[in-house]
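Asks: Please find one structure pasted underneath; my questions will follow.
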Amino acid sequence: MTIIDARDLPVDPTSAARLSATGLEYRTVDLGDDTAATAYQRALDRGFLGVEATDEARAFVRDVFSARRCVGVYDPRAVDALPVATVNSWVTPLTVPGGAQEDMWAISGVTVASTHRRRGIARSLLEGELRSAAAAGVPLAGLTVTEATIYGRYGFGSAVPVASLTVDTRRAGWAAPTAPGRLEYVDRETLAADLGAVHERTRLSAPGGVAGWKGRWEGHAGVAPNAPNRDAVRGVRHVDESGAVTGAMAYSLTEKGTAHRFILDVRLLVAETPQALSALWRFAVQHDLVDTVTADLRPVDDPLPWLVVDQRGVTKTEHDHGWLRVLDVARALEARRFSAPLDVVLHVEDPLGIAAGDWRLRVDAGGDTTVDAVDGGDTEADVVLDVSALSSLYAGGVRASTLHAAGRITAETSMIAALDRAFVAFPAPTLDIWY
1 MTIIDARDLP VDPTSAARLS ATGLEYRTVD LGDDTAATAY QRALDRGFLG VEATDEARAF
61 VRDVFSARRC VGVYDPRAVD ALPVATVNSW VTPLTVPGGA QEDMWAISGV TVASTHRRRG
121 IARSLLEGEL RSAAAAGVPL AGLTVTEATI YGRYGFGSAV PVASLTVDTR RAGWAAPTAP
181 GRLEYVDRET LAADLGAVHE RTRLSAPGGV AGWKGRWEGH AGVAPNAPNR DAVRGVRHVD
241 ESGAVTGAMA YSLTEKGTAH RFILDVRLLV AETPQALSAL WRFAVQHDLV DTVTADLRPV
301 DDPLPWLVVD QRGVTKTEHD HGWLRVLDVA RALEARRFSA PLDVVLHVED PLGIAAGDWR
361 LRVDAGGDTT VDAVDGGDTE ADVVLDVSAL SSLYAGGVRA STLHAAGRIT AETSMIAALD
421 RAFVAFPAPT LDIWY
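According to our numbering, the stretch in the sequence shown is residues 1 to 435, in order.
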């Protein structure tokens with residue numbers, strides 16, 4: 001698979017014209033220009049309510065951003081040189097149901113200054129990114145969000161739910177047998193390398209996974225100068241009987257109100273075998289002086305409740321995390337595997353017009369998939385849905401019956417059941433990082 005370099009692409013002319021009409025400039029940011037790069041980073045920190053970064057932290061983040069297409073919106077009337085809005089993007093492989101990978105336009109760093117809200121800037125940014133991605137031939141876009149009510153209007157759908165876990169260790173106990181292999185503490189630099197190596201292998205095992213980057217692992221491991229609570233980070237890894245590293249966990253410990261009792265927060269746990277996963281969970285749950293274990297961005301089918309004595313000692317809360325947006329219906333659907341045969345005509349509505357149309361999706365008994373555009377006047381659609389609903393279905397973690405019950409899909413009951421059987425993915429999709 002050839003990955004497109006988004007940095008080579010200009011900003012969307014439609015959004016540029018729209019913003020220009022309001023006196024704003026919409027352009028890519030030259031990160032080789034120290035003044036421009038610093039202003040862009042300061043605007044991002046301001047947008048996410050962060051503290052003023054140190055020079056060391058800015059240098060670290062600039063290295064990460066250098067691999068991305070960074071875009072800013074500028075107000076020539078502003079006193080400072082900071083952009084009043086930001087976004088950055090890059091093309092990354094997304095694991096789709098069946099284990100294949102497809103190009104995804106990853107969107108991050110979306111901010112609008114509080115002084116410039118409700119002027120259509122966010123709309124121009126998001127629509128500009130989607131039009132740029134579609135023009136480049138990228139079939140999917142994705143993002144992780146801090147506010148979940150914004151992105152559905154642009155055709156994104158919540159597609160990869162995750163679980164937040166809280167363990168009362170005294171109640172939960174431990175039931176699973178001792179896993180083979182061994183655990184060992186590692187320094188932060190080694191931890192960052194292990195997290196990255198294991199993650200790169202495990203992200204291919206479930207749909208929804210995206211490739212990480214060096215700065216992401218250094219942040220989890222406490223190596224990055226801008227990592228929160230970095231001095232409290234510790235790391236442990238699992239080594240199997242052959243000597244291979246098959247799992248790693250970054251965590252931190254916080255003392256509770258009572259003396260000498262602690263909360264263990266799992267910053268990131270990656271494991272490529274059930275044995276490694278069990279061993280790392282046991283380490284956390286049975287850690288000395290720890291009453292509570294917390295972990296977020298876990299798979300919704302994480303086996304932890306089945307590894308302990310009392311499942312009620314594990315509180316599980318599911319929430320949205322990975323959002324997807326289908327741009328090329330045929331290419332996106334043909335890239336993934338389906339779990340049952342299907343022959344259906346989909347009428348897809350898209351306010352941006354990118355994915356709109358009527359599409360015949362055929363999946364034979366062997367799993368071969370074809371998608372063809374059809375003339376809506378000649379063929380009656382079996383299913384009517386908007387692109388946001390299609391995007392939610394795509395990774396196989398959201399049921400058509402759920403969306404049908406919510407009024408998001410129109411179809412006969414028998415067709416909804418057929419969609420459920422075909423679109424469901426095994427294992428459940430998951431995404432364990434922010435991007």
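Ideal Cβ placement from N, Cα and C applies to all residues, glycine included.
Just list the alpha helix (DSSP H) runs in the segment 366-396, keeping only unbroken ones of 4 residues or longer that don't cross its boundaries, in chain order.
Replies: Qualifying alpha helix (DSSP H) stretches, in chain order: 387-394.
Asks: Closer than 8 Å is the cut-off here; do at least three beta carbon pairs connect the segment 244-263 with the segment 289-301?
Replies: In short, these stretches touch, since the Cβ pair count reaches three.
Asks: On the DSSP bridge list, what partners appear for serine 108?
Replies: Looking at the DSSP assignment, serine 108 forms a beta bridge with Asn88.
Asks: Can you grab the Cα-Cα spacing for the pair alanine 43 / glycine 208, in whole Å?
Replies: Roughly 30 Å between the two C-alpha positions.
Asks: Tyrosine 435 by DSSP, collapsed to three states: which one?
Replies: In the structure shown, tyrosine 435 sits in coil (DSSP, three-state: anything other than H, G, I, E or B).
Asks: Keeping to the same chain, check which residues put their C-beta closer than 6 Å to that of glycine 367; ignore five residues upstream and five downstream.
Replies: So the list reads Arg337, once near-sequence residues are dropped.
Asks: Hey, quick one: how far does the alpha helix (DSSP H) through tyrosine 40 stretch, first residue to last?
Replies: Where tyrosine 40 is concerned, the enclosing alpha helix (DSSP H) stretches over 34-47.
Asks: My understanding is that alanine 389 touches glycine 196, with C-beta atoms under 8 Å, so please give their C-beta distance in whole angstroms.
Replies: Rounded, the Cβ-Cβ distance is 35 Å, inconsistent with contact.
Asks: Can the beta-carbon of arginine 440 be found less than 8 Å from the beta-carbon of valine 345?
Replies: With the chain covering only 1 through 435, there is no way to say anything about residue 440.
Asks: Which residues does DSSP list as the beta-bridge partners of glycine 357?
Replies: Answer is Val348.
Asks: Taking its Cβ as the centre, do 16 or more other Cβ atoms sit within 10 Å of threonine 437, making it buried, or is it exposed?
Replies: The requested residue 437 does not occur in the structure, where the chain is confined to residues 1 to 435.
Asks: Alpha carbon to alpha carbon, how far is valine 73 from asparagine 88?
Replies: Taking the straight line joining both Cα atoms gives about 12 Å.
Asks: Extract the residue ranges of the alpha helix (DSSP H) inside the segment 49-89, only unbroken runs of 4 or more that lie entirely within it.
Replies: Runs found: 55-65.
Asks: Check the DSSP bridge columns for tryptophan 323 and list the partner residues they point to.
Replies: BP columns for tryptophan 323 point to Leu143 and Ser158.
Asks: Could you pull out every residue in the same chain whose Cβ sits closer than 7 Å to the Cβ of leucine 269, ignoring the five residues on either side in sequence?
Replies: Cβ within range, chain order: Met249, Leu280 and Ala295.
Asks: Over what stretch of residues does the beta strand (DSSP E) that includes arginine 234 continue unbroken?
Replies: Looking at the DSSP string, the run of the beta strand (DSSP E) that includes arginine 234 is 233-239.
Asks: In this structure, how does DSSP classify alanine 271 when only helix, strand and coil are distinguished?
Replies: Residue state, collapsed to three classes: strand.
Asks: Based on Cα-Cα distance, which residue from Thr146, Leu125 and Ala221 lies nearest to aspartate 12?
Replies: Among Thr146, Leu125 and Ala221, the Cα nearest to that of aspartate 12 is on Leu125.
Asks: Nearest-angstrom Cα distance between isoleucine 3 and alanine 39?
Replies: If you take the alpha carbons of isoleucine 3 and alanine 39, they lie about 29 Å apart.
Asks: Could you tell me whether the Cβ atoms of glycine 407 and valine 424 are closer together than 8 Å?
Replies: Going by C-beta atoms, glycine 407 is not nearer than 8 Å to valine 424.
Asks: Tell me whether the beta-carbon of glycine 181 lies closer than 8 Å to the beta-carbon of threonine 111.
Replies: In this structure, threonine 111 does not lie closer than 8 Å to glycine 181 by Cβ.
Asks: Less than 8 Å separating the beta-carbons of leucine 19 and alanine 176?
Replies: Their beta carbons are not under 8 Å apart, which means leucine 19 does not touch alanine 176 by this criterion.
Asks: Going along the chain, which residues of its own chain have a beta-carbon closer than 7 Å to the beta-carbon of valine 160, five neighbours each way excluded?
Replies: Same-chain partners within the cutoff: Gly208, His321, Gly322, Ala395, Gly397, Pro429, Thr430 and Leu431.
Asks: Please classify alanine 17: is it buried, with 16 or more other beta-carbons within 10 angstroms of its beta-carbon, or exposed?
Replies: Classification of alanine 17: exposed, given that the 10 Å Cβ count is below 16.
Asks: Would DSSP call glutamate 412 helix, strand or coil?
Replies: Note: glutamate 412 maps to coil in three-state DSSP.
Asks: Go ahead and label glutamine 286 buried or exposed: buried means 16 or more other beta carbons lie within 10 angstroms of its beta carbon, across all protein chains shown.
Replies: Per the 10 Å Cβ criterion, exposed.
Asks: Can you name the residues that DSSP bridges to aspartate 265?
Replies: Ser252 and Thr294, per the DSSP bridge assignment.
Asks: Taking valine 96 as the reference, which of Leu49, Leu140 and Ser66 has the closest Cα?
Replies: When only C-alpha atoms are compared, the closest one is Leu140.
Asks: For the alpha helix (DSSP H) holding threonine 169, just list the boundary residues, first then last.
Replies: Threonine 169 -> alpha helix (DSSP H) spans 169-172.
Asks: From Arg362, Ser392, Ser391 and Gly357, pick the residue whose C-alpha is nearest to that of aspartate 375; which is it?
Replies: Answer by Cα proximity: Gly357.
Asks: In whole angstroms, what separates the C-alpha of arginine 325 from that of glutamine 275?
Replies: So the two alpha carbons sit approximately 35 Å from each other.
Asks: Of the choices Thr369, Val329 and Arg123, whose alpha-carbon is the least far from that of serine 475?
Replies: This structure gives no information on residue 475, because the portion of the chain shown stretches from 1 to 435.
Asks: What whole-angstrom Cβ distance do tryptophan 90 and alanine 133 have, given they're in contact under 8 Å?
Replies: Not quite, the Cβ-Cβ distance comes to about 11 Å (not below 8 Å), so this is no contact.
Asks: Give the range of the alpha helix (DSSP H) segment to which arginine 337 is assigned.
Replies: Taken as a continuous stretch (DSSP letters only), arginine 337 belongs to no alpha helix (DSSP H), as it is neither H nor E.
Asks: Quick one: what does DSSP say serine 242 is sitting in, helix, strand or coil?
Replies: Reduced to three states, the DSSP call for serine 242 is coil.
Asks: Could you work out which residue in Pro83, Gly173, Thr317 and Phe60 is closest to serine 36 when comparing CA atoms only?
Replies: The sequence as given places alanine at residue 36; serine does not occur at that position. Comparing Cα positions, the closest option is Pro83.
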